[in-house]
Structures are given as C-alpha cells and as structure tokens.
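Quick note: the sequence shown uses the working numbering, first residue 14, plus one each step.
Just below is one structure, and these are the notes that go with it.
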Amino acid sequence: MKWAERLPEKQLMIMLGLIVGLFASVAAYVLHRLISLIQHLLTSRFDVTSHNLLYLVFPVVGIWLTMLFVRYVVKDDISHGITRILYAISAKRSRLKGHNCWSSVIASAITIGFGGSVGAEAPIVLTGSAIGSNLGQRFHLDNKKLMLLVGCGAAAAIAGIFKAPMAGLVFTFEVLMVDLSMASLLPILTASVTATCFTYLFVGSNALFTFHLDSAWQLERVPACILLGLFCGLVSLYFIRTMAACEGVFSRLKDNRYARLALGGILLSLLIFLFPALYGEGYGALNILLNGESEADWNQILNNSLFYGNGHMLLWYIALVILTKVVATSATNGGGGVGGTFAPSLFIGGFSGFLFARLWNLQAVGPIVPEKNFTLLGMAGVMAGVMHAPLTGIFLIAEITGGYQLFIPLIIVSVVAVITISLFEPHSIYAIRLAREGKLLTHHIDHSVLTLMSLDSIIEREYTAVSPDMPLGRLIHVISQSRTNFIPVVDTANHLLGEVDVTRMRHVMFRTELYSRFTVSNVMTPVATTVTPGDPMADVMRKFEDTDASNIPVVDVEGALQGFISRSHTYSLYRKIITDYSTE
14 MKWAERLPEK
24 QLMIMLGLIV
34 GLFASVAAYV
44 LHRLISLIQH
54 LLTSRFDVTS
64 HNLLYLVFPV
74 VGIWLTMLFV
84 RYVVKDDISH
94 GITRILYAIS
104 AKRSRLKGHN
114 CWSSVIASAI
124 TIGFGGSVGA
134 EAPIVLTGSA
144 IGSNLGQRFH
154 LDNKKLMLLV
164 GCGAAAAIAG
174 IFKAPMAGLV
184 FTFEVLMVDL
194 SMASLLPILT
204 ASVTATCFTY
214 LFVGSNALFT
224 FHLDSAWQLE
234 RVPACILLGL
244 FCGLVSLYFI
254 RTMAACEGVF
264 SRLKDNRYAR
274 LALGGILLSL
284 LIFLFPALYG
294 EGYGALNILL
304 NGESEADWNQ
314 ILNNSLFYGN
324 GHMLLWYIAL
334 VILTKVVATS
344 ATNGGGGVGG
354 TFAPSLFIGG
364 FSGFLFARLW
374 NLQAVGPIVP
384 EKNFTLLGMA
394 GVMAGVMHAP
404 LTGIFLIAEI
414 TGGYQLFIPL
424 IIVSVVAVIT
434 ISLFEPHSIY
444 AIRLAREGKL
454 LTHHIDHSVL
464 TLMSLDSIIE
474 REYTAVSPDM
484 PLGRLIHVIS
494 QSRTNFIPVV
504 DTANHLLGEV
514 DVTRMRHVMF
524 RTELYSRFTV
534 SNVMTPVATT
544 VTPGDPMADV
554 MRKFEDTDAS
564 NIPVVDVEGA
574 LQGFISRSHT
584 YSLYRKIITD
594 YSTE
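If you want it as structure tokens, here you go:
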C-alpha cells in the first residue's frame, strides 16, 4: 500500500497496533456474546434445586458440532491456540493462516456454550494474533514487524477480554516472549489500550469478575500468603502433569476421531453432571466465591448438583472440582472441542485459594484470613504457576478486580508459586511442547536467534558427488569444475561414505603419474560429523565448534546424502539475524 510506505516506521506500527486492538476487541465481544447466548438458551430454565440429565447431553453435542465445523469448514487444526502462536513465531516467521482470524471464535463459542470446560481466552488470543499477522502480511512487513503485530494482537485480546491493558502488555512479554523495547512497547500498549476502550464502549463498566475488598491486607498474614503460594505451585504442577497425561491418552486415539469424541464427550458429560460448576468457563462459580458473605452464599456453588442442600459437604465438593477440572478440560479438547487453559487455571486457582483459606481458618493455624481475598490470590497464584508468568498473574487479577490494595500479597503468592513450579517444570504449559522440540523462542537472544534460523533454509543442495572407485585423474577434473570445496563420496544408493578434503590434495594433485594408479578411495577421509534435517540449530552450531569443520553433510535417517551446510554461510546468516533481532 503506497500511502503506508510514506509513513515513518514508528507511526505505521502504532497505527497498525490501533487497528489490531479494535478488531481484537470486536472478536472478544462477539465470542463472549455467542457463549452467553448459547448458555442462556440451553440452561436458563434449569431447576437449581436438583440435578439435570441434560448435562449428560449438551457437552457431547457441543464437541460433536465443533468437530464437524473444524473438519468440514475449517479443515485445519486450531487447537492449542497459544502454543500455535509460539510455534508460528519460532518456526513460521510469525505467519498465521487467514482462517485463524475467525475460526477459533466460532469453534470455541460452540464448545463452551454447550458446556465445554475450557476457556475463551486462548482462542481470542489466537484470533487477535492472527489479525495482527495477516494485517502485517497485507502491508508486506518483515518478520520482526510481523512478530510485533502478533504480540499486539495477543495483548489486545487479553486487554479486551478482561479490560486489563497492563496485563495484556506483560502477557505478551512473559508468555509470547516478545522482547521489550521502546520500538515494541508503544504499538503493544496502543493495541492494549485501544482494545480496552472499545470493550468499555461495547459492554459498559460490567466486568467478568466483581470484587469488593472487605478486609485490608495485614502483615501478620504473610506466612499464610507464602504457604498459599506454595500450595498454588503444587496445584499448578498437578495441572500441568495431569493435562499432559490426559493428552497422552487422547493422542493414542488421534486416528479415530469418533473414539476420541466418545471418550471425551462421555467423560466430560459425567463430570459436569456430578459437578455442574465445571460447565463452561465457570466464572459464575468464581464470582460466588469472590462475593460470598455467608454459608448460604457459598452454598450456591452446589446448585444444580446432587450435592444441593448439603452445605456440610461444600469443602469436599470444592476439592473434587479442583481435582476434576483439569480432566474435564483435557476431555473437552481431547474429544474434539476448542478452548484454552487460561480460564481453567483461574478457576482452579480461585477454588484452591478458597479451600486453603477455609481449612486454615477451621484448623486455627494462624490469624483468620478472609476467604474471598484468598480466592483472588489463588487465581493469581495458579495462573502464574501454570503460565510461568508472575507479572501477568499479578496485574491481571489486580486490574480485573480493582484489587490493587492486595498488590503485596499478590506478588508474594505469584512469585512463590512460580518458584515452586519451576523446581519441577522449567517451562509453562504453553511452551513445554515446543521446548522439547527445541522450537521455543525465549528472551535469551542467542538461543532465540538459533530458533529463528531454519536448517532447511541453509542446506546447499548443489554439489558434485564422486564414487570411491573413480580414478584420481577424473577426481582432479571434478575438483577443478566444482563450485564448492565439498566433494562427498557416495555409493550407488547415494549413501555417504566419506569426503574428499581438497586442502589435503596438494601433495598428489600435480603428480600426474598417480592419476591412473590412485582412486578416490585412496584419498578420501571419514566425515567429522553429520546432521539430519530435523536437528536443532543449536546442535548444528555445536558440531561446527566441536569439529572445526568447514562443511557438514546433511543425511537422512538411512544415511542418504541430502546436501551440506557451509560454516561460512551459516555464521553469516546468524550474524545477520542477530543484527536484525537486536536493532531497535
């Protein structure tokens, strides 16, 4: 677009951040309206005093409809939204597909509206990031600016959902690991504030959570806050490990979608029938814990369940909900639904905080602590632990509840939770899959540059191979005609046998009497090392350092030669990317 070319780069990125913020807020509003509408149509007439058999039906129908939509309309995998963004940044040059601008909104609305026990945040973050990515592609921006617009979309999504611009900003830096600089700060902050303002325009001052501080924080509650942080860290560990185990079960059925639907749908329906608080995002139940003043208020958690009227079983009910929420979330996604783990982490955190405070008070461990405050602190703690993002937990909970009076305990709980989970899991629930594959972008610049480099892009496939029985005279002719100094020796099946080191050929190159007496097998040397197309770039660079080789052959799993990588070309590309990456 010619008019955009005339704008200074900084002004262009701020303007695009504003556009991304607008459309991300619209996506967030549309998704929550769709979820609210579907849930109202399905459950508004339920009798709160007894269980309802339709809880056994709605979740299965929702997952089935979502599966059909994804299979026949989208025709692409749209699960694991935030992990998909991280992968796009590290391996796809921040390019997300066009359908990601809308497909996750529709799919997650169906899933959550019908009772899927997942969150809407990850689908909206994917939608916002896709809007930023595709907008940047329309303007033909380079990879670094595309990454920034992806960050703008993610920040705007979080800010728009929760009316929390600072949380959106720190989420982008902590979770998506977009580096903080003045060049990136202004567009992301613009997108966050724009999304927040338009959300206020769409829905007014209504918030997802309401909270009124009745008891200010006191210094004597520090031990309780530390122990709550430790508890949240352990709950986060349970969350990540249980979800990984459940995903492993469903991955064994990846070739049979109807078996996955049956297993996920039946498991989810049974859990929701027993514990209706698991229906959808569960924010209604969280609000009960955040605003309850008496046993009668908190016992509303038991509505629609078999536990209704048995207030003495409230703590058992809450403990069972904490244990089963992760399974319900995994069953939703594993069965074919679409949704994220953002809301489940807030849900489990809030229930964990309430359970901790109630047990602390019942056992008279120390000074009385307010359950509603600790519900809030638990939300921050578990979310920070699951995402390895303490700042996101602190600012999100503080902004969405106006609870800045609890800023110090929020910091204590979030930091202790992250320290605890880090002892067992070094990566967040979003990054753990990519970290295992070496495809995770981090704030470590050297590692990030290697992640951004693609081995496939530096493989040189133009070379001249020779056979071991080729006469020396013909080899000299091949060397004189070759454009590279890499002369591989292969057999008839193209399996790599060795290489000819041109630098070591000088003592025979001009001795013509040896041309007919020697063959390649007399002068070839073993290769120092090889790589395969799937090797991480960090391993490739390490092999260059260990062997001091000028070229490294690339072979497949059967040993067949695919090409080679040049030390000079690889280091040149590395220097170029690190220069681009570090430039403001």
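For every residue, glycine included, the Cβ atom is placed at its ideal position computed from N, Cα and C.
These numbers come from a predicted model, not from an experiment.
| Query | Result |
| --- | --- |
| Going by DSSP, which residues form a beta bridge with Asp514? | Phe499 |
| Here's a check: name, in chain order, each residue in its chain whose Cβ is nearer than 7 Å to the Cβ of His457, leaving out the five neighbours to either side. | With a pLDDT of 49 at His457, under the threshold of 50, the modelled position of that residue is not reliable, and no figure is offered here. |
| How far does the beta strand (DSSP E) with Gln575 in it extend, from its first residue to its last? | Leu574 to Ser579 |
| Between the C-alpha atoms of Glu475 and Gly391, what's the straight-line distance to the nearest angstrom? | 59 Å |
| Using C-beta distances below 8 Å, list every residue in its chain close to Val259, excluding the 5 sequence neighbours before and after it, in chain order. | Before going further, note that residue 259 is Cys rather than Val in the sequence given. Contacts found: Val339, Val340, Ser343, Ala344 and Gly347. |
| Entirely within the stretch 117-198 and at least 4 residues each: give me those alpha helix (DSSP H) ranges in chain order. | 134-151, 156-175 and 178-187 |
| Within 10 Å of its beta-carbon, does His45 have 16 or more other beta-carbons around it, so buried, or fewer, so exposed? | buried |
| Measuring only the C-alpha atoms, how far is Asp561 from Leu586? | 18 Å |
| Measuring only the C-alpha atoms, how far is Phe577 from Asp469? | 10 Å |
| Can you tell me whether Asn346 is helix, strand or coil according to DSSP? | helix |
| May I ask you to report which of helix, strand or coil DSSP gives Pro566? | strand |
| Using beta-carbon positions only, say whether Leu29 and Leu202 come within less than 9 Å of one another. | no |
| Verify whether the separation of the beta carbon atoms of Gly242 and Ile421 is less than 9 Å. | no |
| Assign Leu303 to one of three DSSP states: helix, strand, or coil. | helix |
| Leaving aside the five residues before and after Cys165 along the sequence, list all residues of the same chain whose C-beta is less than 6 Å from its C-beta, in chain order. | Gly30, Val33, Gly145, Pro200, Ile201 and Ala204 |
| Ignore the nearest five residues each way along the sequence and tell me which others in Ser130's own chain have a CB closer than 6 Å to its CB. | Leu291, Ala341, Thr342 and Thr345 |
| What's the call for Lys23, buried or exposed, on a 16-neighbour Cβ count within 10 Å? | exposed |
| Beta carbon of Ala37, beta carbon of Gly141: below 9 Å? | yes |
| Rounded to whole angstroms, what's the CA-CA distance from Phe408 to Ala122? Just pull it up for me. | 27 Å |
| Check whether the stretch 315-332 and the stretch 53-71 touch, using three or more Cβ-Cβ pairs below 8 Å as the test. | yes |
| Would you decide whether Arg151 is buried or exposed? Buried here means 16 or more other CB atoms lie within 10 Å of its CB. | exposed |
| Any contact of the stretch 285-302 with the stretch 67-87, i.e. 3+ C-beta pairs under 8 Å? | yes |
| Could you check what DSSP says for Val479 in three-state terms: helix, strand or coil? | strand |
| Starting from the C-beta of Ile472, find all residues in its chain whose C-beta is less than 8 Å away, skip the five residues before and the five after it, and write them out in chain order. | Pro546, Val567, Gln575, Gly576, Phe577 and Ile578 |
| Would you say Leu198 reaches chain D, if we count a Cβ-Cβ gap shorter than 9 Å as a contact? | No chain D appears in the structure shown, which is made up of a single protein chain. |
| Which of the three DSSP states is assigned to Leu509 in this structure? | strand |
| Arg386 lies in the alpha helix (DSSP H); which residues open and close that run? | Before going further, note that residue 386 is Asn rather than Arg in the sequence given. Taken as a continuous stretch (DSSP letters only), the alpha helix (DSSP H) holding Asn386 covers Glu384 to Met400. |
| Can you round the beta-carbon distance between Ser107 and Leu25 to whole angstroms, since I take them to be within the 8 Å contact cut? | 17 Å between Cβ atoms; not a contact. |
| From this set, Asn65, Thr405 and Thr124, which residue's C-alpha is nearest Leu50's C-alpha? | Thr124 |
| Taking 8 Å as the threshold, find out whether the stretch 354-363 comes into contact with the stretch 384-404 through three or more Cβ pairs. | yes |
| With DSSP run on the structure shown, which of helix, strand or coil describes Gly295? | coil |
| Below 8 Å, can you find three or more Cβ-Cβ pairs linking the stretch 83-95 to the stretch 297-312? | no |
| Taking the straight line between their C-alpha atoms, what separation do you get for Asn386 and Ile565? | 60 Å |
| Spatial neighbours of Met660 within its chain, please: CB distance less than 7 Å, with the 5 preceding and 5 following residues excluded, ordered by chain position. | Residue 660 is absent from the model: the chain starts at 14 and stops at 597. |
| Whole angstroms are fine: how far does the CA of Ala101 sit from the CA of Phe557? | 27 Å |
| Nearest to Thr96 by alpha carbon, out of Pro236, Gly246 and Met400? | Met400 |
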